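Peer 1: Mind looking over this structure? Questions follow.
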Amino acid sequence: DGGITQSPKYLFRKEGQNVTLSCEQNLNHDAMYWYRQDPGQGLRLIYYSQIVNDFQKGDIAEGYSVSREKKESFPLTVTSAQKNPTAFYLCASRSITDTQYFGPGTRLTVL
Amino acid sequence: AQSVTQPDIHITVSEGASLELRCNYSYGATPYLFWYVQSPGQGLQLLLKYFSGDTLVQGIKGFEAEFKRSQSSFNLRKPSVHWSDAAEYFCAVGARASYDKVIFGPGTSLSVIP
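As you go down the protein sequences, you meet chains F and R in turn.
If you're matching positions, the first sequence starts at 1 in this note's numbering and goes up one per residue.
If you're matching positions, the second sequence starts at 112 in this note's numbering and goes up one per residue.
Okay, structure coming up:
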């Protein structure tokens, strides 16, 4: 089955640590996205990538970094510079019909 | 400014009753419109989308939505709600090949009373 996988499902980070969230898709989509979701709020765009080896900052990129070395993979690193990283993180990819499809999410908690 | 509003933060309906979730948007280009559903702790699942053509679109799980350009609205409806429909619903607006300009509303939380 085609889809988007994210791992881990739950992640705990100590203050000052960098952590990396995984996102993999086998839908053959060129564009991929990372969103942050906080309680009672909609989705906020962190980074997006239209093609391999290219990515753009979204609305809240500070404290985050990404890479896009393979079409299938778009990992997100939450750095120690992100002051309030506790949130639910969603990865998505975009089809040629301009529709975004989402992974199951990763819940990050700072201890 | 581009935005999506969902006026109802939370709605409670009885099982079997009809449902309408409101969505209004402000968007410069011709909009593509989406409704997604999210169960607790899960990702977003696409319910339906409107790109062009018939303004009444059918989606999965018995949902439908109507695009009204004059009112800048894209309301989601279901004639008879099931307990399993309890979830968070998000309206979103984008545009053709506009990779960064998909805007999501704040969501409406739906509770269903047995």
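Using N, Cα and C, we set each Cβ at its ideal position, and we do this for glycine too.
Nothing here was measured: the structure is a model prediction, and the numbers come from that model.
Quick check on Gln-41/F: does DSSP put it in helix, strand or coil?
Peer 2: Here the question's residue 41/F lines up with position 41 in the first sequence. DSSP places Gln-41/F in coil when its eight states are reduced to three.
Peer 1: Kindly provide the ranges of any beta strand (DSSP E) runs that are 3 or more residues long and lie completely inside the stretch 35 to 102 of chain F, ordered along the chain.
Peer 2: 43 to 49, 64 to 66, 76 to 78, 87 to 94 and 100 to 102
Peer 1: Is Lys-189/R buried or exposed, if buried means 16 or more other CB atoms sit within 10 Å of its CB?
Peer 2: Walking along the second sequence from the start, residue 189/R turns up at place 78. Buried, since its Cβ has 16 or more Cβ neighbours within 10 Å.
Peer 1: Could you list which residues in chain R have their beta carbon closer than 8 Å to that of Tyr-101/F, in chain order?
Peer 2: On the first sequence, residue 101/F is found 101 positions in, with the first residue counted as 1. Those are Leu-157, listed as they occur along chain R.
Peer 1: Assuming Val-110/F contacts Thr-79/F (C-beta within less than 8 Å), just tell me the rounded distance between them.
Peer 2: The sequence position of residue 110/F within the first sequence is 110, counting from 1. The sequence position of residue 79/F within the first sequence is 79, counting from 1. About 12 Å; that fails the 8 Å criterion.
Peer 1: Are the CB atoms of Gly-154/R and Gly-2/F within a distance shorter than 8 Å?
Peer 2: By one-based count along the first sequence, residue 2/F stands at place 2. By one-based count along the second sequence, residue 154/R stands at place 43. For Gly-2/F and Gly-154/R, no; Cβs fall outside 8 Å.
Peer 1: For Tyr-161/R, list the residues DSSP reports as bridge partners.
Peer 2: Working through the second sequence from its first residue, we reach residue 161/R at position 50. Paired residue(s): Leu-144/R.
Peer 1: Please go through the stretch 164 to 202 of chain R and give each complete beta strand (DSSP E) segment of 3 or more residues, from N-terminal end onward.
Peer 2: 167 to 169, 175 to 179 and 184 to 189
Peer 1: Check the Cβ of Leu-90/F against every Cβ in chain R and list those closer than 8 Å, keeping chain order.
Peer 2: Numbered from 1 along the first sequence, position 90 holds the residue referred to as residue 90/F. Simply Gly-154 and Leu-155.
Peer 1: For the beta strand (DSSP E) holding Ile-4/F, just list the boundary residues, first then last.
Peer 2: Taking the first residue of the first sequence as 1, we reach residue 4/F at position 4. First-last of the beta strand (DSSP E) with Ile-4/F: 4 to 7.
Peer 1: Could you have a look at His-29/F and say whether DSSP puts it in helix, strand or coil?
Peer 2: On the first sequence, position 29 is the one that residue 29/F refers to. Note: His-29/F maps to coil in three-state DSSP.
Peer 1: Hey, out of Leu-132/R, Phe-162/R, Leu-158/R and Arg-180/R, whose CA is closest to Gly-173/R's CA?
Peer 2: The residue you call residue 173/R lines up with position 62 of the second sequence. The shortest C-alpha separation from Gly-173/R is found at Leu-158/R.
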